[in-house]
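Presented below is the structure to which this report refers.
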Amino acid sequence: MVEIEELTPFRFYKLKPFYKQRCTTEFVTGRKCNGLLRLFRNKGMINLKCMHVDCLKEYDIYRDCSICNERYFFDKLTCDKCEPLVVNIAHYYITIEDADKSIKKINKHYKSGDMLQSDWEAAISLNKQEKISCENKLKELKERNPVIEQFLANLIIQP
Ligand SMILES: [Zn+2]
Ligand SMILES: [Zn+2]
């Protein structure tokens, strides 16, 4: 299982809020309100509210995903379409890292004579298989998604 905080470095998308600046309401006279919009909290939701005393119209603020363009309300912080991929990527990276650590540990045990050769070979092979399987899945994912490939290439953590 991947912990929530471990996902952050792998989040390759951003949910970008778009802030409307001016009110676009039209009064009955046909005049546009054009009032200044301010951030406003209403029932736990963040909205924009027109400051013009005759208007006070509220606007929802949305966030658009930088990768798939899916639109969400302001309070939403993760993209339902992209987040499952983030979870997979984090899982692959962490599994590869864990396998490397295990291999080091197993080698140390074996060298100090605490381990039978057959056990050592089996344990090393198991960890290597797991590592290779994750490396292949990562490779596939990058080939299918050039944007993700570019994002991961710029990550400091490398498997
Ligand atoms: Zn207005
Ligand atoms: Zn998305």
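Here the sequence shown stands for residues 0 to 158, where the numbers follow numbering that gives the first Met the number 0.
Even glycine gets a Cβ: it sits at the ideal position worked out from N, Cα and C.
Predicted model only: the values in this text are computed from it and were never measured.
N- and C-terminal bounds of the alpha helix (DSSP H) containing residue i
i, result
"GLU69", "Element bounds for GLU69: n/a, residue is neither H nor E."
Proximity below 8 Å, CB of residue i to CB of residue j
i, j, result
"TYR58", "LYS15", "no"
"PHE183", "TYR92", "Missing from the structure shown is residue 183; the chain here goes from 0 to 158 and no further."
"CYS22", "CYS49", "yes"
"VAL85", "LEU137", "no"
"LYS13", "SER65", "yes"
"ALA121", "VAL1", "no"
"ILE155", "ILE123", "no"
"ARG37", "LEU47", "yes"
Rounded Cβ spacing between residue i and residue j (contact assumed at less than 8 Å)
i, j, result
"ILE45", "ASP74", "7 Å"
"LYS130", "ALA98", "4 Å"
"CYS54", "THR24", "6 Å"
"GLU134", "ILE95", "6 Å"
"PHE39", "CYS32", "Not really, about 16 Å apart at Cβ, beyond 8 Å."
Endpoints, the beta strand (DSSP E) within which residue i is located
i, result
"PRO83", "Careful: PRO83 lies outside any beta strand (DSSP E), inside the alpha helix (DSSP H) at 82 to 110."
"LEU47", "44 to 49"
"PHE39", "36 to 41"
"TYR61", "61 to 64"
Local conformation of residue i per DSSP, three classes
i, result
"ASN10", "Here residue 10 turns out to be Arg, not Asn, going by the sequence shown. Coil, per DSSP."
"LEU115", "coil"
"ARG143", "helix"
"LYS130", "helix"
"PHE150", "helix"
"LYS138", "helix"
"GLU25", "strand"
"GLU2", "coil"
Practice task
Output the residues surrounding ligand 1, defined as those with a CB atom closer than 6 Å to any ligand heavy atom, in chain order.
Solution key: CYS22, THR24, CYS32, GLY34, CYS49, HIS51, CYS54 and LYS56
Practice task
Any chance you could list the residues with Cβ under 6 Å from a heavy atom of ligand 2, keeping chain order?
Solution key: TYR12, CYS64, ILE66, CYS67, GLU69, CYS78, LYS80 and CYS81
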